[in-house]
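Engineer: Just so you know, the sequence shown maps onto residues -23 to -1, 1 to 688 in mature numbering (1 follows the signal peptide of the UniProt record, and there is no 0). Yeah, the Cβ is synthetic: ideal placement off N, Cα and C, and Gly gets one too.
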Amino acid sequence: MCRFKRFVWLWGMFSLLSSSCKAATFDFATSQLLILSNGDKESAQAADYLFGHLDKRNTDRSKFRIQRSDTNLEGFRGGIVYVEIVEDLESDYEIINEEGRLSLFGRNRAVLRWLSYMLIDRLGDYHRLDIADIPPSYIDFKTGKVDFAFRYRDPHLQPNLNQDLSGILLTHNVDRDWGLWGHNLRKVFVEGIETEAMALVDGRRDSEQYCFSSEKTYQAIKAFVLEEYGRGPRDARWFMIAPNDNDKVCTCASCRKLGNTAKSATAAIVVLLNRLTKEFPLDYFYTTAYRTTREAPKIRLAERAGVLLSTIDLPKSPQLKMETPSVREFTTLLQSWKAQTSHIYLWDYISNFDDYITPFPVLRRVQRQLAYFKKMGVDGLFLNGSGYDYSPFDDIKTYVLSAVMIDPSLSVSDLVKRYHQRFYPVSADLLTSYLLEIEDRLDHNNSDIAIYSSFRQLMKYGLDADRFNKFYADLVLLEPQLSGEERYRIKRLIDVLSYTKLQLDYHQGNLANGFLEIENDMCRFSNRNDLFIRRLRESQKEGITNYKEEKGSINLYLREWEQLKSSVIPVNKFKISKASGISSGELLDEAHLLSDNKLGFVSDFNQGWLLAGEDIRAIGHNLNKRQGPVRLEMRFLLNPRHRMYVPDRVELWNGGIKIMEFTSSDFVLLQDIATLKKDVDLSDHTDLEIKIYKSKELKNSVIACDEVQLY
């Protein structure tokens, strides 16, 4: 450290003396390079790392010679890269760029590893280095002291699970860096929760919540940390000390004395966090601002303690309108916590959890919101994405998001272009133009696309079907021209995007465009999308397993298609005109689903089902020409987790007169489907009004109906 201070002082004096003329800078094209450190263990290891990874990539040693030493080599003529770890550095890293010497200072080896790859890529502009597998550098190596915009940076996408890549990008990873995450405090009670560690709720000990002032709770956490990680020396770990996901709060005498109320457990938890930071000064201890810990504490958190807030209720539009109630409420919450801690992390969202595969623009939205987050005191981000599952463009998203969390001023367009040029040399223009086009459209429209969006919503608010179809077709045409890793990646992209092609076919397909075919008054699906089904099945061989968060198996999705393809149903003679809520009178935009001749997917309530949270009225026409009874058939999805139950009753009306009624006992239940199937005489009834009354089992139950059939 003394050498560092002496070096900086001398360099500063030199700068003052030479300020009257333009200073010369380091020549990256130098034919000889010496990697130098001050010789201390950590710095020497960092220098060895840079030397080893640079030297092994040097493909022309006759023109570029690299040496390594901890002392200046007598007679050496060339450029020197000096590397030093300075634990108490005032900034995250510092660069001093002068003639003949480039000095890199970082707080730890992780920072210097990241700087090493940035430098290797920069040197690759001047020398024959094998850098095909290194993400492009985005720092200019000018003299300066730099702090990262955010201390904790975790893009939760599949590429970031790769520890080597995470090191190159200088990102964090929830599986690697957190000893406890989420609502998992139960893990510390290895032999079960002792009574004294249970919350006292309404005068009784409750095993579903914890007493955070209990010595037993503290000792259990302490024992867990020591058993799993020891005291060190080791890398720092983060620990989430959060209540179970319920509204129970301990109100024992000790917790109440610390400040707990019947609705808030924040006080006792913050005291516990502060105590743990003293016990384990290497580590970080966080809680969540959620449910019983949403309210900020009245005391300040310790330096290595903090809070995690979710942005679930914050609009997912690039430009936040500060006057909207949701933004004002979130700002107030942030400010209340900012008053008591310097460490606020956000749990943000970067995927559509109802559809991991259909392209979902997030880069410009995240970048634009970073300025607001930074202003509000946020210093860490967990960007929750498709995580362990593949999603299209997850590699470029991981790279860009990791970069803008370090420096939000970087150009997203430039990062996207340079990354694609590096890893997709032939298809770069095609990929870049499409990705930036959908990003720019979202940015221009300031669209707020929900993180749980059905495909119908995506078509309405975000997805340009014609543009996607052209992109897909261009990829298919380009694939034969590719080779190696690029061909593998593009083939995988084509295969998995066949899901979106199938989705478009399902939602846009009808009798007129050939998606459905009629023979002998029976309706069936055509074979025009068999190629997309085969390609999507191929994606499973490439490790693609899920297309959404819940019940999202691609294998299950393909089985649904097989079921549809093998089914033949009578042509529906009921033609829907409109549907509305009986109480609200609001029209239902998706009323057409009730007579489109397409059955819904049993495994996915967003696929073909009309959803309504109130009793509904459907108005349409009976197109049957024959006299006598016809078959009425209605299907309803049963999904208790999402409050979908058998309707209380169904009524048929004509001309303001109720002509028949069916109750829940008339339905046939088979696994997840309730079917009403009755022969009815509608000979004199052309205009029909069908009223569907939702289940009374639950106040906020939901109707899910895919088809009202008459045949």
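Does the structure place the segment 310 to 329 close enough to the segment 282 to 301 that three or more beta carbon pairs sit under 8 Å?
Structural biologist: yes
Engineer: For D573, is the beta carbon positioned less than 7 Å from some heavy atom of the ligand COA?
Structural biologist: For the ligand COA, the structure offers nothing, since it holds no ligand at all.
Engineer: Run through DSSP, which three-state label would C(-3) get?
Structural biologist: Low per-residue confidence applies at C(-3): pLDDT is 47, beneath 50, and the placement is therefore not dependable enough to give any value.
Engineer: Rounded to a whole number of angstroms, what is the C-alpha to C-alpha distance between T663 and A589?
Structural biologist: 25 Å
Engineer: Leaving out five residues before and five after D17 in sequence, what residues of the same chain have Cβ atoms less than 6 Å from its Cβ?
Structural biologist: none
Engineer: Can you find the residues in the same chain that come closer than 6 Å, C-beta to C-beta, to E494, ignoring five residues on each side of it along the sequence?
Structural biologist: Excluding five sequence positions before and after E494, the CB atoms of its chain that fall closer than 6 Å to its own CB belong to R501 and S503, given in chain order.
Engineer: For a minimum of 4 consecutive residues, which ranges assigned as the alpha helix (DSSP H) are wholly contained in the segment 110 to 158?
Structural biologist: With a minimum length of 4 residues, the continuous alpha helix (DSSP H) runs that stay inside the segment 110 to 158 are 140 to 146 and 151 to 154.
Engineer: Return the bridge partner residues of K655 from the DSSP annotation.
Structural biologist: L609
Engineer: Among G633, V679, D661 and Y534, which one has its Cα closest to the Cα of D625?
Structural biologist: Nearest C-alpha to D625: V679.
Engineer: Would you mind listing the beta strand (DSSP E) stretches within the segment 338 to 403 that are 3+ residues and don't spill past its ends, in chain order?
Structural biologist: 355 to 361
Engineer: Check N631 in the structure and name its three-state DSSP category.
Structural biologist: strand
Engineer: Should K240 and T269 be called a contact, given that it needs their Cβ atoms to be closer than 8 Å?
Structural biologist: Here K240 is near T269, since their CB atoms are less than 8 Å apart.
Engineer: Measure the alpha-carbon distance for G605 versus D661 and round it to whole angstroms.
Structural biologist: 10 Å
Engineer: Which same chain residues, not among the five before or five after G159, have their C-beta less than 8 Å away from its C-beta?
Structural biologist: M217 and A219
Engineer: For N35, which residues does DSSP report across the bridge?
Structural biologist: L106
Engineer: Around the C-beta of M(-23), are 16 or more other C-beta atoms found within 10 angstroms, so that it is buried, or is it exposed?
Structural biologist: Residue placement at M(-23) is poorly supported in this model, since its pLDDT is 45, which falls under 50; the coordinates still yield a value, given next. Classification for M(-23): exposed.
Engineer: So A87 and V60 are in contact, right, with Cβ under 8 Å, and what is the actual spacing, rounded?
Structural biologist: A87 to V60, Cβ: 13 Å. No contact.
Engineer: Flag this pair as touching only if the segment 310 to 320 and the segment 334 to 341 have three or more C-beta atom pairs under 8 Å; answer yes or no.
Structural biologist: no
Engineer: Going by alpha carbons, who is nearest to Q296 out of W630, K550, H421 and R153?
Structural biologist: H421
Engineer: Say whether the segment 563 to 579 touches the segment 536 to 554, bearing in mind that this needs 3 or more beta-carbon pairs closer than 8 Å, one atom from each stretch.
Structural biologist: yes
Engineer: Please give me, in chain order, every unbroken run of the beta strand (DSSP E) with length at least 3 that falls completely inside the segment 487 to 522.
Structural biologist: 493 to 496 and 499 to 502
Engineer: Measure the alpha-carbon distance for L(-7) versus T2 and round it to whole angstroms.
Structural biologist: Note that L(-7) has pLDDT 40, beneath the 50 cutoff, so the model's placement of it is unreliable and no number is given.
Engineer: For a test of the three-state rule: what should DSSP assign to C232, helix, strand or coil?
Structural biologist: helix
Engineer: In or out: W(-15) buried (at least 16 other Cβ within 10 Å) or exposed?
Structural biologist: Because the pLDDT of W(-15) is 43, which lies under 50, any placement of that residue in the model is unreliable, and the question is left without a value.
Engineer: Starting from W538, follow the beta strand (DSSP E) in both directions and report where the run begins and ends.
Structural biologist: Looking at the DSSP string, W538 is not in any beta strand (DSSP E); the run it does join, the alpha helix (DSSP H), is I531 to S543.
Engineer: Can you give the Cα-Cα distance for K199 and N329, rounded to whole angstroms?
Structural biologist: 38 Å
Engineer: If you check the beta carbons only, do L576 and G562 fall under 8 Å apart?
Structural biologist: no
Engineer: Could you check the C-alpha separation between F127 and L157 for me, to the nearest Å?
Structural biologist: Between the C-alpha atoms of F127 and L157 there is a straight-line separation of about 21 Å.
Engineer: Please report the straight-line C-alpha distance between E76 and A6, rounded to a whole angstrom.
Structural biologist: 12 Å
Engineer: What residues in its chain sit with their C-beta under 6 Å from that of R(-18), if we drop five residues either side in the sequence?
Structural biologist: For R(-18), the predicted structure reports a pLDDT of 45, less than 50, and the residue's modelled location is therefore unreliable. A value from the coordinates is still provided. Excluding residues within five positions, none has a Cβ falling inside 6 Å.
Engineer: Spatial neighbours of S8 within its chain, please: CB distance less than 8 Å, with the 5 preceding and 5 following residues excluded, ordered by chain position.
Structural biologist: K40, F41, R42 and G55
Engineer: Is there contact between the segment 117 to 131 and the segment 381 to 394, where contact requires at least three CB pairs shorter than 8 Å?
Structural biologist: yes
Engineer: From what residue to what residue does the beta strand (DSSP E) around M217 run?
Structural biologist: W215 to M217
Engineer: Less than 8 Å between the CB atoms is what I'm expecting for L470 and P369, so what's the real figure, rounded?
Structural biologist: 6 Å
Engineer: Please report how far the alpha carbon of V545 lies from the alpha carbon of A405, in whole angstroms.
Structural biologist: 44 Å
Engineer: Is N150 near Q186, with beta carbons less than 8 Å apart?
Structural biologist: no
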